[in-house]
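Take 7 as the starting number for the sequence shown in the working numbering and just add one per residue. Backbone N, C-alpha and C fix where the C-beta goes; we use that ideal spot for every residue, glycine too. This report concerns only the one structure given below.
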Amino acid sequence: MSVMLHKWVDSYLSERSQYVKVGDHVSASVSCHCGVPQGSVLAPLLFAIYTSPIVSVITPFRNINHAQYADNTQLYIALSTDKALSIINDCFQSVHRWLDANGLCLNPEKT
């Protein structure tokens, strides 16, 4: 059963095509080698699975708490020590490196 499930998910995510339609005008179709179709009902679940390893990046930073919802990850810490800002900055840098290594980026206007 797991082999069938893997093949189904793989077929859903790979070798897709896309095009743009504006009014009656349609662009040429281009191949997409991977990715989740925009608006897909599985997109939020697959994104959550893909980003779940962020927890292992955050956990070593003691006193850092986090919350993840959809495509948002929040880091927070009580400012009880002088080192708190340094600790959260180090954690943020680690998360940023993980995101970068995994093909994701931060929105600088929200970070």
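Extent of the continuous alpha helix (DSSP H) run through residue i
| i | result |
| --- | --- |
| residue 39 | Run containing residue 39: none; DSSP gives neither H nor E here. |
| residue 95 | 90 to 107 |
| residue 64 | 60 to 64 |
| residue 13 | 8 to 19 |
Where the beta strand (DSSP E) through residue i begins and ends
| i | result |
| --- | --- |
| residue 22 | 22 to 24 |
Three-way DSSP call (helix, strand, coil) for residue i in this model
| i | result |
| --- | --- |
| residue 47 | coil |
| residue 79 | strand |
| residue 27 | strand |
| residue 34 | coil |
| residue 73 | strand |
| residue 84 | coil |
| residue 53 | helix |
Inter-residue spacing [alpha-carbon to alpha-carbon] between residue i and residue j
| i | j | result |
| --- | --- | --- |
| residue 31 | residue 24 | 14 Å |
| residue 112 | residue 102 | 7 Å |
| residue 36 | residue 12 | 25 Å |
| residue 20 | residue 58 | 21 Å |
| residue 69 | residue 84 | 8 Å |
| residue 64 | residue 97 | 6 Å |
| residue 94 | residue 105 | 16 Å |
| residue 74 | residue 29 | 38 Å |
| residue 26 | residue 114 | 28 Å |
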